[in-house]
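A.B. asks: The letter at position 93 of the sequence shown is residue 112 when you use my numbering, and the numbering goes up by one with no holes.
The following block contains the structure, expressed as structure tokens.
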Amino acid sequence: DMDYLFALIERQPAMYLDEIQLDLLESRAIDISLATISRALYQLALMRKKIPKEAAERNELLRAIWQAEWGGLPMEYIVWLDESSVDDISNQRRMG
């Protein structure tokens with residue numbers, strides 16, 4: 020089941036150990052300790068994976084188009100409104 024664990028982390032790199040434990044129990048009927056999961060991740064060389072800061076929705080082409088169209092405006096003319104949500108659990112961590 021190391022292949023399953025590797026695929027799980029590749030799919031969701033910001034998962035906590037207890038979330039992995041629950042997934043293994045629900046999907047594979049494997050009851051395993053957090054320490055064993057931690058050791059397995061270490062063996063797979065997946066410990067302390069860096070979580071990217073940029074948003075998954077970020078699109079470099081759209082950013083460049085926006086900058087070309089609006090980049091000449093003085094900054095004091097621009098008002099930013101942020102309607103995005105924050106996940107307090109993973110917002111503060113930088114490592115997976």
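Note that CB positions come from ideal geometry on N, CA and C, so glycine has one too.
Note that the structure is a prediction, hence the values are computed from the model and not measured.
Measuring CA to CA, which of L53, L43, A33 is closest to D20?
C.D. replies: Nearest option by C-alpha distance: L43.
A.B. asks: Provide the residue span of the alpha helix (DSSP H) that contains I56, from first to last.
C.D. replies: Run containing I56: 53–62, per the alpha helix (DSSP H) assignment.
A.B. asks: Tell me whether E76 sits in a helix, a strand or coil according to DSSP, three-state version.
C.D. replies: Reduced to three states, the DSSP call for E76 is coil.
A.B. asks: So what does DSSP say about M94, is it helix, strand or coil?
C.D. replies: In the structure shown, M94 sits in a helix (DSSP, three-state: H, G or I).
A.B. asks: In angstroms with no decimal places, state the Cα-to-Cα distance between E76 and M34.
C.D. replies: When rounded, the distance between both Cα atoms is 19 Å.
A.B. asks: The alpha helix (DSSP H) with A26 in it runs from where to where?
C.D. replies: Counting along the chain, the alpha helix (DSSP H) containing A26 begins and ends at 21–30.
A.B. asks: Locate the alpha helix (DSSP H) running through L116, then write down its first and last residues.
C.D. replies: The displayed coordinates of the chain run from 20 to 115. Any statement about residue 116 would go beyond what the structure contains.
A.B. asks: For L24, count neighbouring Cβ atoms within 10 angstroms of its own Cβ and tell me buried if that reaches 16, exposed if not.
C.D. replies: By the 10 Å Cβ count, L24 comes out buried.
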